[in-house]
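Following: one structure in structure tokens, then a few remarks.
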Amino acid sequence: MKKTSLFVMLMSVSMILLTSCGPYQVPMFEEVKANETAFVIPLQGDNKDSQKKLWSKDYLESNKVSAKKIDIPQKAVSTGRMWYSYKWVPTVQVLKVNRTPVSTEWVASPQKGTSPNDDSFTVESADSVGFYMGGTLDCMVIEEDTALFLYRMNGRSLEDIANTNIRRHIAGVLTREFGKMTVDECKKKKADVFKLAFDEAKTHFKTFGITVNHVGMIGEITYINKDIQKAIDDKINAEMAVQTAEQLKNKEIIDADREAQKLLIERTMKVKLAEQDLKETEISNKKEQTIADKDLYVAQQKEKALETLIALKKLEVMEINAKANLKYAEKWCGSYPSNVLPENSSILFGNMFDKNQPQIEKISIKK
């Protein structure tokens, strides 16, 4: 009896232990960064229609999510015959597209480029002269093209595509265009060739969801043949010397012209100052002449007033004389006095003060 009870107890404990041995469901989360766009793709299709749409651009677009933290749903999958033989597996897959812009430089020097390798573009002119040059690229995936990029490039990184697909495309354009030109034409039209490479790359890779913002040349054309490069360098140095001489000559001409302009300005200012002084002198002379004319006028007016006053005084004297003559005429009786002495009479002067002599009647004229 005791053995039976012990066996039952052991079996019960074993059952309890066995039922609790299944794996624990650990929560799964996927973080989505600010520069990433996420797509949640079911790992199991519900029907044939959804299976047909899988990995199409529209299908990916419909499964784009804006969440920054995605909770991954899980499903228990049996791994054996026992009830505790199972595991938890995710039922969806999160695919992310990194939208960070990519900038790269392809140059020969390992110290200057993006990678330590010689990534410069080596081409050949129409006259079979080989040369190489550096290039630059800026590209990105915009939000609207993330589904197309994921569909066409199948999860590859933009940086990898830039240094493989895009670089090869640009190299093809450079080889094709420079191969049509002579060495001198290559030097003159290198900017046009890189502009064409940019236009073609921009149009082509837009169909892959990639926006190419810039393709350009960096550095100078370097010839593979050292003798050619030396001849080119010597020619450039000679041209630079000529340009320097012309610049010095032009500078001397400019300086001389500037000095002449300075002297002309100074002389013009002196002439203007002299004209201003002359004008001020004329104004001063006019003022002095005006004052002199005014003084003369005043003197003339005073002289005229004096003459008028004298004339008035003369008239007054004449009027007084006329009145005196009138009075005299009024008192005259028409005859002379009886005691008038003859002319030259001695009595006139000798006895004029003798009281015994008859006195001459005095006639007084009243004014």
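Per this note's numbering, the sequence shown starts with residue 1, numbered consecutively.
Here a beta-carbon is modelled for each residue, glycine too, at the ideal position from N, C-alpha and C.
Check                                                                                               : Outcome
Pairwise C-alpha distance: Ala324 and Glu330                                                        : 10 angstroms
Terminal residues of the beta strand (DSSP E) in which Gln243 lies                                  : It is not in any beta strand (DSSP E) - Gln243 instead sits in the alpha helix (DSSP H) that spans 226-331.
Element boundaries [alpha helix (DSSP H), containing Phe208]                                        : Per DSSP, Phe208 belongs to no alpha helix (DSSP H) and is neither H nor E.
Inter-residue spacing [alpha-carbon to alpha-carbon] between Val129 and Lys188                      : 15 angstroms
For Ser125, three-class secondary structure by DSSP                                                 : coil
Span of the beta strand (DSSP E) around Thr37                                                       : 36-42
Local Cβ density within 10 Å of Asp293, reported as buried at 16 or more and exposed below that     : exposed
Assigned exposure category for Gly155 - 16 Cβ within 10 Å defines buried                            : exposed
Start and end residues, beta strand (DSSP E) containing Ala147                                      : Looking at the DSSP string, Ala147 is not in any beta strand (DSSP E); the run it does join, the alpha helix (DSSP H), is 146-153.
Pro73 vs Thr100 beta-carbon contact at 8 angstroms                                                  : no
Contact under 8 angstroms by Cβ, Phe29 with Asp71                                                   : yes
Residue environment, Ser115, which counts as buried when at least 16 other CB atoms sit within 10 Å : exposed
Nearest residue (CA-CA) to Thr146, options Gln111, Phe131, Leu196, Lys57                            : Lys57
Residue environment, Thr164, which counts as buried when at least 16 other CB atoms sit within 10 Å : exposed
Spatial distance of Lys48 from Ile41 (CA atoms)                                                     : Because Lys48 carries a pLDDT of 49, less than 50, the predicted location of this residue cannot be relied on, and the following value inherits that uncertainty. Going by the C-alpha atoms only, they are around 16 angstroms apart.
DSSP three-state assignment for Thr164, whether helix, strand or coil                               : helix
Closest by C-alpha distance to Tyr84, when choosing among Tyr297, Tyr24, Ile166                     : Tyr24
Contact check, Val193 vs Leu158, beta carbons under 8 angstroms                                     : no
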